[in-house]
Every structure is written in structure tokens, then in C-alpha cells.
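**Student:** Quick note on my numbering: the sequence shown kicks off at 298 and runs consecutively.
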Amino acid sequence: MEFNKKVALKNKVNMKLYPMYRLFAIDVLFYNAIKVLFLTQVKGISNAEVVLMETIYAFFKLTLQIPLTVLVSKLGIRKSTILGNIFWTLELVLILFSSNYFIIILSQLMSAIGWSYKSIAEEPLLDSSIPQSSKKGKIFTKIDSKGYSRYCYISAISTIMSGFLYDINPYIPIILTIIFMAFALILSTGFIELPEEKIQDKKTIKQSLEDVKDGFKFIFKSPRLKSLLLMLGFMWGTFCLFGTYQSTLLKDINVSATYIGIILAVLDIFQGLAATKADNFNEKHKNKSLICLCLQNTLTTAIAGGVVILGIARIPQLAIIIICYIISKYDKGIYQVLKKRYIGNFMTSEMLTKIYSIYSTISSIFRMIIGAIGSYLLTIMNIQYAMVAIGIILAIVGLIFSIYMKTRIGLKPEEYTEKDVIYMN
298 MEFNKKVALK
308 NKVNMKLYPM
318 YRLFAIDVLF
328 YNAIKVLFLT
338 QVKGISNAEV
348 VLMETIYAFF
358 KLTLQIPLTV
368 LVSKLGIRKS
378 TILGNIFWTL
388 ELVLILFSSN
398 YFIIILSQLM
408 SAIGWSYKSI
418 AEEPLLDSSI
428 PQSSKKGKIF
438 TKIDSKGYSR
448 YCYISAISTI
458 MSGFLYDINP
468 YIPIILTIIF
478 MAFALILSTG
488 FIELPEEKIQ
498 DKKTIKQSLE
508 DVKDGFKFIF
518 KSPRLKSLLL
528 MLGFMWGTFC
538 LFGTYQSTLL
548 KDINVSATYI
558 GIILAVLDIF
568 QGLAATKADN
578 FNEKHKNKSL
588 ICLCLQNTLT
598 TAIAGGVVIL
608 GIARIPQLAI
618 IIICYIISKY
628 DKGIYQVLKK
638 RYIGNFMTSE
648 MLTKIYSIYS
658 TISSIFRMII
668 GAIGSYLLTI
678 MNIQYAMVAI
688 GIILAIVGLI
698 FSIYMKTRIG
708 LKPEEYTEKD
718 VIYMN
């Protein structure tokens with residue numbers, strides 16, 4: 298009884314801390330708003346090289362995923378979360394002092410190590426802290442969306458500030474980003490190690506490799522997980538590319554840093570609102586939720602590029618572009634919450650760590666491929682034409698994935714086979 302009380306107390310501490318931690322740890326505050334401007338105007342990197350960074354980062358993350366999964370199994374998810382934030386912070390330190398493209402690439406290696414640790418450990422940390430019950434999925438979504446929506450609001454404020462601060466001195470937003478990343482690191486040390494992690498600490502490297510192998514075997518045998526992870530990975534690749542494309546388009550049509558900051562802040566607000574509406578969206582669209590998000594994101598990107606090609610008047614042009622960006626950001630906000638809910642369904646905490654690792658591998662592959670295509674397009678055409686081309690191409694690919702998913706995702710629990718489900722004993 299005493300042991301159960303101690304576990305319950307640790308669970309409560311982790312669940313209470315998690316939303317605050319996620320507020321600082323979801324993504325880089327300040328830097329995202331001026332990333333393209335800083336790298337191209339201050340560090341002298343071309344648009345194509347900025348997009349190529351996405352591909353290089355994805356390659357690093359793909360290469361490191363399995364070795365770091367083994368290390369997470371050895372270290373435990375709490376220590377791995379702390380390490381992830383250390384390497385994550387090093388990325389911005391290197392960018393701040395970079396003098397050539399090689400240092401920028403090195404920063405992407407630090408980022409890949411940090412995000413690999415974080416992507417493998419963070420969600421299982423929350424999942425293992427929530428007591429097993431029929432409402433576990435909803436509790437997870439509620440806690441995670443709370444932190445995510447708060448992050449989006451803080452991100453909106455920091456984004457507006459970034460534009461103004463960049464015009465004063467482009468290095469100020471970078472320094473502020475590092476400070477906020479340090480907060481995330483400090484908060485990550487407040488999580489309490491759970492009994493399940495102590496069991497993982499006793500595993501040998503061979504056993505950890507077997508765990509990764511078992512995770513791959515389970516996914517290959519599961520029609521639900523295969524189709525789900527392919528679609529989620531593909532969608533993440535599109536979101537990553539379009540995020541860079543959106544800022545690049547605004548820069549190339551001569552929108553100032555201040556106004557880019559304001560626009561991106563508005564987008565962050567809508568992304569935060571979307572995170573709180575994920576359940577409603579899922580209830581409305583059910584097993585068509587992912588394809589709806591995919592098509593909205595790809596087609597609005599194509600439209601945003603198209604209005605620049607058409608050469609319509611400045612004000613209507615910007616209005617259409619911003620509306621398209623709002624829809625895309627809204628889709629991303631819903632995706633960020635639903636992906637965790639879908640992946641976590643019918644899984645134990647132990648298996649979930651392996652599934653997230655493999656999801657990260659798959660998403661890195663798609664991010665690398667889509668980023669490489671996006672970078673190549675910018676070497677042969679302007680950003681607006683590239684947005685139209687890649688938007689249409691990826692919409693078609695998304696439709697193909699949706700056909701594959703149709704009979705494999707969104708079924709009732711009893712309609713899934715043992716190959717798709719692992720229940721907590």
C-alpha cells in the first residue's frame with residue numbers, strides 16, 4: 298500500500314510538471330520566427346541551403362535513432378529527457394557563434410541528438426505517469442494539449458518580439474532562445490524517476506537491441522501501425538518543409554522582419570487554439586482526420602505560392618497567403634495532439650517507447666526525402682513556383698496513403714487483431 302502511494306505521488310508530480318515543461322520544450326522560442334532571415338542575411342546562407350539543412354538534420358536523426366534508443370533503454374526516460382535538452386541547447390549556441398556552413402551542419406548534429414532523445418523519451422515519460430484506466434488516452438491528450446496550447450500562446454508573444462528585436466540587433470532573439478531552452482533543461486530535472494525506469498536501467502545493451510528489434514517486428518506485423526506511422530511520418534515531413542517555405546516566401550516578397558514576426562505570431566495563436574480542438578476535430582472526421590489535415594496543408598501551400606505567381610494586388614495577395622498559412626498552422630496544431638493519441642492507443646508504456654523511436658525513424662526518412670526535393674526545387678525555380686509544385690505533388694501522395702489507410706485505421710477496438718493491439722496487464 299505504501300509503495301502504491303509513493304508511485305501515485307510521483308505520477309502526480311510528473312503530470313503536474315509536464316505541461317509547464319512542454320511550454321518551454323516543444324520547440325525553440327524566438328528563433329523560429331527569424332530563422333530564415335538570420336541564416337540568410339546574417340550568416341550568408343542561401344534559401345536552398347536553409348532547406349537543405351532540414352535534409353541533413355533528418356539524415357543525422359535517422360542515423361542516430363537506433364543507437365540512441367538503446368541508450369534511452371539503458372539510461373531511463375528521465376535522464377534521457379535531460380540529456381536531450383542539453384544537446385538541444387547546444388544547437389543554438391553553435392548557430393550563435395557559427396562562422397561557416399560546416400558549423401551550421403554541426404549544429405544540426407547537436408539538434409538531431411537532442412531531438413532524438415526527446416522524441417523517444419518525452420511522451421513515454423507522460424504516458425508512464427498516467428494510471429492505467431479506460432480514460433488514459435483522454436487524460437494524456439488533455440495534459441499534453443494543455444502544455445502545447447500554452448506553448449503556442451507564449452510562442453506568439455515571442456514571435457512578435459523577435460521581429461522587433463531582430464531589427465534592433467539580429468543576435469538578441471538567438472540569445473533569448475538559449476535562455477528559454479535553459480529553462481526547459483532546468484524543468485526536465487524536476488521529473489521523478491518511476492519504478493518502470495529502474496527496471497529498464499538493468500537491461501543489457503543486447504537486451505535493448507532486442508527491444509528495438511521487437512518493436513520493428515511488431516510494427517511490420519501490424520497493419521494499423523504500418524499505415525499509421527507511414528502517414529504520420531509523411532505528414533511531418535510536409536509540415537517541416539512548409540514551415541521553412543512559408544517564411545522564405547514572406548522574405549522573398551519583401552515583408553519586413555517586424556511584420557513577419559507579427560504574422561507568425563498570429564499563426565502560433567491559431568496553432569494553439571487548434572491543439573485544444575483536436576478531440577472535436579477527431580470526433581467530426583473520425584478515420585478521415587489525417588487525410589483531411591494532409592490535404593488542407595498541402596493544397597493551401599500550393600495556393601499561397603499560386604497567388605504570388607498570379608501577381609494580384611499586394612493587400613489581397615498577403616491576405617490570401619495569411620489565410621492559407623492559418624489553415625496550415627491549424628492543421629499542424631491538431632496533428633501534434635492526434636498523432637500521440639493514435640500512436641498511444643492499445644499500447645503499454647514499454648512498447649510505446651519502441652514505437653516512438655520507430656516513428657521518429659520513419660518521420661526522419663520522410664523529412665529527409667521531402668526536404669531534399671524541396672531544396673532541389675529552390676535551385677531551379679523561385680519559392681512561389683516551388684510551393685505550387687511540391688504542394689500538388691504531396692497532395693497526390695497523401696491521397697495514395699489515405700487509400701492504403703482506409704481499411705487499417707479508425708476501426709472499433711474489437712475490429713483490430715492481436716497483431717495491432719497490446720493491452721496493459
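Glycine included, each C-beta is placed from N, C-alpha and C at the ideal position.
Computed from a predicted structure; not experimentally measured.
Measure the Cβ-Cβ separation of Trp368 and Thr474 and say whether it is below 7 Å.
**Tutor:** Going by the sequence as given, residue 368 is Leu instead of Trp. No. Outside cutoff.
**Student:** Near Phe663, which residues of its chain fall below 7 Å by C-beta distance, leaving aside the five closest residues on each side in sequence?
**Tutor:** Only Gly530, Phe531, Trp533 and Gly534 meet the Cβ criterion.
**Student:** Let's see if you can read the secondary structure: which residues bound the alpha helix (DSSP H) around Ser396?
**Tutor:** Counting along the chain, Ser396 falls outside any alpha helix (DSSP H), and DSSP gives it neither H nor E.
**Student:** Tell me which residues share the same chain as Leu691 and place their Cβ nearer than 6 Å to its Cβ, disregarding the 5 neighbours each side in the sequence.
**Tutor:** Excluding positions up to five away in sequence, the list reads Thr535 and Thr595.
**Student:** CA-CA distance, Ile666 and Ile693?
**Tutor:** If I take the Cα positions, the gap works out to 16 Å.
**Student:** Do you know offhand how far Phe384's Cα is from Lys376's?
**Tutor:** Between Phe384 and Lys376, the C-alpha separation is close to 13 Å.
**Student:** Keeping to the same chain, check which residues put their C-beta closer than 7 Å to that of Phe578; ignore five residues upstream and five downstream.
**Tutor:** Around Phe578: Ser586 and Ile631.
**Student:** Does the distance from the CB of Ala562 to the CB of Phe321 come in under 7 Å?
**Tutor:** Contact: no.
**Student:** Measuring alpha carbon to alpha carbon, tell me which residue in Asn344, Ser519, Ile323 and Ile401 is nearest Ile353.
**Tutor:** Cα-wise, what sits closest to Ile353 is Ile401.
**Student:** Could you check whether Gly695 and Cys591 sit closer than 7 Å to each other, using their CB atoms as the reference points?
**Tutor:** Yes, they are a contact pair.
**Student:** Does the separation of the CB atoms of Leu359 and Ser661 fall below 7 Å?
**Tutor:** Taking 7 Å as the Cβ cut-off, Leu359 and Ser661 qualify as a contacting pair.
**Student:** By alpha-carbon positions, which one of Gln633, Val605, His582 and Met478 ends up nearest to Ile680?
**Tutor:** Checking every option, the nearest Cα to that of Ile680 belongs to Val605.
**Student:** Report the residue from Phe517, Ile612, Ile417 and Ile624 whose alpha carbon sits nearest the alpha carbon of Lys371.
**Tutor:** Comparing Cα-Cα distances from Lys371 to each of Phe517, Ile612, Ile417 and Ile624, the minimum goes to Ile417.
**Student:** Cα separation between Leu403 and Asn329?
**Tutor:** Whole-angstrom Cα-Cα distance: 18 Å.
**Student:** For Ala409 versus Phe357, is the C-beta distance shorter than 7 Å?
**Tutor:** The answer is yes: Cβ separation under 7 Å.
**Student:** What are the start and end residues of the alpha helix (DSSP H) that includes Asn577?
**Tutor:** Ala575 to His582 is the extent of the alpha helix (DSSP H) around Asn577.
**Student:** Any idea if Gly608 is buried or exposed, counting beta-carbon neighbours within 10 angstroms, 16 or more meaning buried?
**Tutor:** The residue in question, Gly608, is exposed, as its Cβ has fewer than 16 Cβ neighbours within 10 Å.
**Student:** Please go through the same chain and pick out, in chain order, the residues whose beta-carbon is closer than 8 Å to the beta-carbon of Tyr653, but skip the five residues on each side of it.
**Tutor:** Result list for Tyr653: Ser416, Ile417, Glu420, Pro421 and Ile640, in chain order.
**Student:** Check Ile496 in the structure and name its three-state DSSP category.
**Tutor:** Caution applies to Ile496, whose pLDDT of 39 falls short of 50 and renders its modelled position unreliable; the model cannot decide the point.
**Student:** Rounded to the nearest angstrom, what separates Ile623 and Gln568 at their Cα positions?
**Tutor:** Ile623 and Gln568: Cα-Cα distance of roughly 8 Å.
**Student:** Any idea what DSSP makes of Pro470, helix, strand or coil?
**Tutor:** Helix at Pro470.
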